[in-house]
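Single-structure report; data block below.
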Amino acid sequence: MRELENFETPPVGYGSGIQLEQAIGGEEVQFGRASGVLRYQTANGGEWLYSQPLPALTGFHTGVSAWIMGDGSGSQLYFIGLDASGNRVYMPAVLSDYTGWRQVYIPLGSGVSLAGYSITPQAGDGWANNPDNAADATSVLYLDQIVASYPGYFDHTPPEINLTYASGEIWGTVRDDTDGFLDKNNISLSYNGYEIYNFYYEPDRGFFYFAPPEYGYNPTRVTITAKDASGNLNRASVDIPFENYNAGAFNDIENYWAADYINYLYNQAIVEPYSDGGYHPYDAITRLEFAVMLARASKLEQKDYSYIILPYADLDQIPVTAYPALRALYAENIMRGTQGDDGKLYLLPNNSLTRAQASAMIGRSQNRGYPAAELSFPDAYLIPNYAVSHIQVMAAREILQGFSDGTFRPHDPISRGQMAKILYFLA
Ligand SMILES: [Ca+2]
Ligand SMILES: [Ca+2]
3 MRELENFETP
13 PVGYGSGIQL
23 EQAIGGEEVQ
33 FGRASGVLRY
43 QTANGGEWLY
53 SQPLPALTGF
63 HTGVSAWIMG
73 DGSGSQLYFI
83 GLDASGNRVY
93 MPAVLSDYTG
103 WRQVYIPLGS
113 GVSLAGYSIT
123 PQAGDGWANN
133 PDNAADATSV
143 LYLDQIVASY
153 PGYFDHTPPE
163 INLTYASGEI
173 WGTVRDDTDG
183 FLDKNNISLS
193 YNGYEIYNFY
203 YEPDRGFFYF
213 APPEYGYNPT
223 RVTITAKDAS
233 GNLNRASVDI
243 PFENYNAGAF
253 NDIENYWAAD
263 YINYLYNQAI
273 VEPYSDGGYH
283 PYDAITRLEF
293 AVMLARASKL
303 EQKDYSYIIL
313 PYADLDQIPV
323 TAYPALRALY
333 AENIMRGTQG
343 DDGKLYLLPN
353 NSLTRAQASA
363 MIGRSQNRGY
373 PAAELSFPDA
383 YLIPNYAVSH
393 IQVMAAREIL
403 QGFSDGTFRP
413 HDPISRGQMA
423 KILYFLA
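The numbers in this note's numbering rise by one with no breaks, and the one at position 115 of the sequence shown is 117.
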């Protein structure tokens with residue numbers, strides 16, 4: 003398989019009746035951090051073409067697989083191919099009579115490149131009577147992870163990572179069941195959450211090697227992440243043993259179970275002590291504290307979001323120093339606020355948040371494409387729908403676990419101590 007379009011950078015092209023843009027974050031993304039959104043005139047449809055067609059299909063690849071989120075409109079989506087002679091071919095992709103994500107295979111033909119998308123509106127008797135089909139109405143379809151492929155096969159299995167740590171060195175192998183050994187640009191390595199580019203990698207046998215620059219004094223975590231052409235993600239981490247020289251950063255965590263994680267956050271400048279010198283690990287975290295910690299731990303470049311105007315009606319209750327973090331979370335569709343009874347949007351900075359709410363926001367801060375686990379918590383049925391997929395993924399990644407009695411307690415407030423552990427395991 004070969005990745006052709008993942009929408010992680012905005013698509014470049016032009017359309018009539020259709021615009022293709024980038025959608026960032028949220029449940030409208032199937033893989034990575036962004037998807038493509040096709041906005042079209044419901045009554046007329048239209049056409050959108052890349053300025054530069056995607057690379058032509060070669061070898062066994064006779065078509066593309068694509069993820070398409072339907073809008074239930076009954077419109078017909080076509081993928082437009084361009085053959086070697088420069089002729090256009092229109093291949094039916096989906097009839098959008100469904101909602102939610104669906105993966106389809108679209109046979110374009112060998113040597114053909116994907117050049118754009120075309121939409122024909124719903125036909126038939128019901129059309130004229132449907133109030134949704136007013137002349138100025140628009141609809142949206144989402145696209146993600148378009149891969150050069152062959153008929154009858156979808157790859158849903160993430161790459162396998164074997165990782166060893168010994169004597170201050172890290173090495174191992176990465177291999178995918180479908181794609182075999184992966185290129186270096188499909189592998190990333192992070193050191194305490196920061197991406198490191200100068201690690202050693204041999205693509206012809208999937209071998210990686212890394213010697214951490216400094217270890218032994220503070221909590222340190224190194225993570226290898228691998229992505230196959232179909233967008234499936236996997237990661238493996240090592241927690242490097244240490245003697246903690248910063249144990250005294252907080253005066254109330256000496257015997258607390260998450261003390262190492264809290265010190266990690268301190269060393270990463272994600273948290274600082276309260277004025278009384280404590281971390282207050284048993285306190286419920288406030289929405290504002292949660293936001294600032296999540297934005298810092300996600301390593302978002304907060305200065306890149308200065309163009310965002312925060313829409314919260316309770317902005318006057320929020321310290322200006324927190325605006326950059328909130329802007330980043332808003333733009334990335336990670337934390338958008340809560341609609342009040344008056345229809346206005348509120349951040350509610352001093353409120354606590356439930357473990358389910360926190361899980362959904364933390365989940366939205368992560369690339370999508372990791373495997374999900376079946377939830378075995380006896381109270382899993384209490385988890386709200388919006389949080390289920392995020393909790394499934396974080397359970398599979400072993401970021402979230404239940405309490406010692408096995409329950410998840412989705413409606414309990416999340417404590418500052420629990421948050422510290424989660425942020426460490428995200429790194
Ligand atoms: Ca994507
Ligand atoms: Ca795979």
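Every residue, glycine too, gets a C-beta built ideally from N, C-alpha and C. In this text the structure is predicted, and so the values were computed from the model without any measurement.
Extent of the continuous beta strand (DSSP E) run through residue i
i, result
"residue 241", "235-242"
"residue 106", "101-109"
"residue 365", "No beta strand (DSSP E) contains residue 365, which is instead part of the alpha helix (DSSP H) from 357-366."
"residue 71", "65-73"
"residue 423", "Residue 423 -> not in any beta strand (DSSP E); alpha helix (DSSP H) instead, spanning 418-428."
"residue 5", "4-7"
"residue 78", "77-84"
"residue 94", "90-98"
"residue 212", "209-212"
"residue 229", "222-229"
"residue 41", "36-43"
"residue 50", "48-52"
"residue 190", "189-193"
"residue 17", "15-18"
"residue 198", "196-198"
"residue 116", "115-122"
"residue 204", "202-204"
Residues of its chain near residue i, where Cβ-Cβ distance is below 6 angstroms and the 5 sequence neighbours each way are ignored
i, result
"residue 419", "260, 283"
"residue 96", "70, 79, 106"
"residue 77", "98, 121, 123, 124"
"residue 159", "179"
"residue 11", "none"
"residue 346", "315"
Closest by C-alpha distance to residue i, when choosing among the options
i, options, result
"residue 188", "21, 47, 177, 267", "177"
"residue 403", "379, 388, 417", "379"
"residue 389", "366, 175, 98", "366"
"residue 180", "264, 149, 193, 202", "149"
"residue 305", "293, 82, 326", "326"
"residue 28", "38, 22, 20", "38"
"residue 137", "43, 22, 238", "43"
"residue 68", "330, 221, 32", "32"
"residue 361", "387, 346, 139, 265", "387"
"residue 352", "269, 317, 290, 391", "290"
"residue 239", "209, 277, 292, 174", "174"
"residue 2", "312, 232, 262", "Outside the displayed range of the chain (3 to 429) lies residue 2, so it cannot be described from this structure."
Opening and closing residue of the alpha helix (DSSP H) in which residue i lies
i, result
"residue 139", "Segment: none, residue 139 is in no alpha helix (DSSP H) and carries neither H nor E."
Spatial neighbours of residue i in its chain, beta-carbon cut-off 7 angstroms, leaving aside the 5 residues before and after
i, result
"residue 190", "197, 227"
"residue 285", "417, 418"
"residue 35", "10, 26, 27, 369"
Distance, residue j Cα to residue i Cα
i, j, result
"residue 71", "residue 421", "33 angstroms"
"residue 171", "residue 310", "42 angstroms"
"residue 287", "residue 342", "21 angstroms"
"residue 303", "residue 297", "9 angstroms"
"residue 154", "residue 24", "29 angstroms"
"residue 1", "residue 61", "Shown here, the chain extends from 3 to 429; a query on residue 1 therefore has no answer."
"residue 58", "residue 113", "5 angstroms"
"residue 335", "residue 41", "19 angstroms"
"residue 314", "residue 322", "13 angstroms"
"residue 152", "residue 164", "29 angstroms"
For residue i, three-class secondary structure by DSSP
i, result
"residue 330", "helix"
"residue 175", "strand"
"residue 396", "helix"
"residue 264", "helix"
"residue 29", "coil"
"residue 291", "helix"
"residue 318", "helix"
"residue 164", "strand"
"residue 391", "helix"
"residue 403", "coil"
"residue 250", "helix"
"residue 147", "strand"
"residue 384", "helix"
"residue 286", "strand"
"residue 184", "coil"
"residue 323", "helix"
"residue 298", "helix"
"residue 270", "coil"
"residue 348", "strand"
Same chain only: Cβ atoms within 8 angstroms of residue i, ignoring 5 sequence neighbours per side
i, result
"residue 52", "13, 14, 15, 116, 117, 118"
"residue 295", "267, 272, 273, 287, 421, 425"
"residue 356", "412, 413, 414, 415, 416"
"residue 111", "59, 64, 65, 83, 85, 91"
C-beta neighbour in chain D for residue i, strict 8 angstroms
i, result
"residue 207", "The structure shown has no chain D; it contains just one protein chain."
Which residues count as close to ligand 3 when the rule is a CB under 7 angstroms from any of its heavy atoms, in chain order?
Of the ligands this structure carries, namely ligand 1 and ligand 2, none is ligand 3.
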